[in-house]
Amino acid sequence: MVSFKIGRAGGLLGNGAAERFLTQTRLYTLAESLGGVESLAELPEKITHGIGFLRYYDELNELIICYLQSIPPAERFALGITPDLVRLSVGVEDVDGLIADVKHALSWAVEGWESASTSVASSGSD
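If you count the sequence shown from 1, position 60 lands on 60 in UniProt numbering, and the numbers rise without skipping.
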């Protein structure tokens, strides 16, 4: 399991970068449950209608389970559940292919088409 926020040095991109990232992945499938042998991805901030939930331990080390729809936006932000958060569950596919897929999708999400196409075109010459 890998979670990360998409941004640039000195700041995050709150302008749909996470959604753009997921539109460009080819090996990761958008899912609301991350269990399985295939590589899956989710945008935790977008989970609604009680389908998804968050598990964490409070200061007394007690397990807390909250449905994301029940968490107000300010609390979600305080917990790090922001629009730029992406969560990946890495499956059994080829590691090099998964890494290349993430690199391509990140380039697209942050820099746009020009960077992504240049990155993919030049990756074969290394």
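All C-beta atoms in this analysis are idealised placements derived from N, C-alpha and C, irrespective of residue type, glycine included.
All of these numbers come straight from a predicted model, not from anything done at the bench.
Below 8 Å between beta carbons: does that hold for residue i and residue j?
| i | j | result |
| --- | --- | --- |
| aspartate 84 | alanine 18 | yes |
| glutamate 42 | leucine 27 | no |
| valine 102 | isoleucine 6 | no |
| valine 37 | valine 92 | yes |
| valine 2 | serine 39 | no |
| glutamate 45 | isoleucine 81 | yes |
What are the partner residues of residue i, as DSSP defines its beta bridges?
| i | result |
| --- | --- |
| threonine 29 | Leu40 |
| isoleucine 64 | Tyr56 |
| phenylalanine 4 | Val86 |
As a quick exercise: from the options, pick the residue whose alpha carbon is nearest that of residue i.
| i | options | result |
| --- | --- | --- |
| alanine 105 | Thr25, Glu32, Gly16 and Phe4 | Thr25 |
| glycine 35 | Ile71, Leu88, Asn15 and Asn61 | Leu88 |
| serine 107 | Tyr57, Pro73 and Arg20 | Arg20 |
| tyrosine 57 | Asn15, Ala74, Leu79 and Ala100 | Leu79 |
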